[in-house]
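A.B. asks: In the numbering used here, the protein residues as written are 2 to 82. Dumping the structure here so I can ask a few things about it.
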């Protein structure tokens, strides 16, 4: 028997709607494996952003290869306060 369905907890849940909402929230979090899903989303989000940044840097390098003035403007803008 889970702690959320014990006699004492069921009495408390029946008397206090706020406790019912909290217990339902925790139960939904557990049922939908939300903690694991959040960590997977963060992990794969980072893994997908890194190659995009690498590709953007490469493309920017190719575009700016012969344009010293624009290179300097970008560097100055990045290092500005």
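Don't be surprised by glycine CBs; every beta carbon is placed ideally from N, CA and C.
DSSP three-state call for residue 20: helix, strand or coil?
C.D. replies: helix
A.B. asks: In three-state terms, what does DSSP make of residue 29?
C.D. replies: It is helical.
A.B. asks: Work out the CA separation of residue 66 and residue 55 for me, nearest whole Å.
C.D. replies: 16 Å
A.B. asks: Between 76, 8, 47 and 7, which lies nearest to residue 61 when the distance is taken from Cα to Cα?
C.D. replies: 76
A.B. asks: Indicate the three-state DSSP secondary structure (helix, strand or coil) for residue 61 in the structure shown.
C.D. replies: helix
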